[in-house]
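Q:
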Amino acid sequence: MHLEYALPKVSTVLLLIAHPDDETMFFSPTILALLRESCRVCVLCMSTGNFEGLGKLRQEELRTACAILGIEPKDVFIVDHTDLQDGPHAQWPPQLIALIVAAQASKVKADMVRCHIHIQGNGSLDAWPSGW
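Counting from 1 along the sequence shown, just add 1 to a position and that's the residue number in our numbering.
1. Apart from the five residues just before and just after residue 18, which ones in its own chain have a Cβ nearer than 8 Å to its Cβ?
2. List the endpoints of the continuous beta strand (DSSP E) containing residue 67.
3. Taking all protein chains shown into account, do 16 or more other C-beta atoms lie within 10 angstroms of the C-beta of residue 49, making it buried, or fewer, making it exposed?
4. What would DSSP say about residue 25, mapped onto helix, strand or coil?
5. Using a Cβ-Cβ cut-off of 6 Å (strictly less than) and excluding sequence neighbours within five positions of residue 85, which residues of its own chain qualify?
6. Taking residue 109 as part of the alpha helix (DSSP H), name the residues at either end of that continuous run.
7. Taking Cβ to Cβ, would you say residue 105 is nearer than 9 Å to residue 111?
8. Quick one: is residue 59 buried, meaning 16 or more other Cβ sit within 10 Å of its Cβ, or exposed?
9. Is the Cβ-Cβ distance between residue 74 and residue 68 less than 9 Å?
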């Protein structure tokens with residue numbers, strides 16, 4: 002049996018990730034499918050991944066992975082905010098995340114925002130329409 006995954010008809014999707022490597026671990030099939038449909042894929046990474054002092058390397062890994070997946074370099078955005086640092090006990094302010102995501106979604110004119118990110122242990126958010 003062959004099952005088709007129905008993708009929504011959108012022109013620009015903003016993928017929200019917590020730190021570098023999430024784009025590959027959680028979104029590779031989605032990215033490839035969207036790009037096959039000529040959709041613009043943008044990645045917004047909410048931290049540099051600097052938990053062990055490897056932020057610069059992790060940022061470069063993110064850019065490289067996105068390029069390999071077919072995402073344009075101009076469509077990869079990395080946030081380096083003092084309140085959004087990587088770490089096992091970090092708790093990020095949801096209001097700050099919402100402001101950053103809304104601004105970036107507006108900037109890239111995203112039709113959809115998809116994410117895999119945990120906010121203060123409340124679980125994984127899945128999808129928000131761009132007008133939220």
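Cβ atoms here follow ideal geometry from the backbone N, Cα and C, with glycine treated the same way.
A: The answer reads as follows:
1. Residue 18 sits at position 17 when you count from the first residue of the sequence shown. So the qualifying residues of the chain are 24, 27, 28, 44, 45, 46, 47, 116, 117, 118.
2. As a first step, residue 67 is located in the sequence shown; it is residue number 66 there, counting from the start. Note, residue 67: premise wrong, no beta strand (DSSP E); alpha helix (DSSP H) at 56-70.
3. The residue labelled residue 49 in the question sits at position 48 within the sequence shown. So residue 49 ends up on the buried side.
4. Position 24 of the sequence shown holds residue 25. In the three-state scheme derived from DSSP, where H, G and I count as helix and E and B as strand, residue 25 is classed as helix.
5. Mapped onto the sequence shown, residue 85 falls at position 84. Hits under 6 Å: 47, 48, 93.
6. Here the question's residue 109 lines up with position 108 in the sequence shown. Segment 95-109, the alpha helix (DSSP H) holding residue 109.
7. Against the sequence shown, residue 105 aligns to sequence position 104. Against the sequence shown, residue 111 aligns to sequence position 110. For residue 105 and residue 111, yes; Cβs fall inside 9 Å.
8. As a first step, residue 59 is located in the sequence shown; it is residue number 58 there, counting from the start. Residue 59 should be labelled buried.
9. For the purposes of this step, residue 74 is identified with residue 73 of the sequence shown, where counting begins at 1. For the purposes of this step, residue 68 is identified with residue 67 of the sequence shown, where counting begins at 1. A contact, by the Cβ cut-off of 9 Å.
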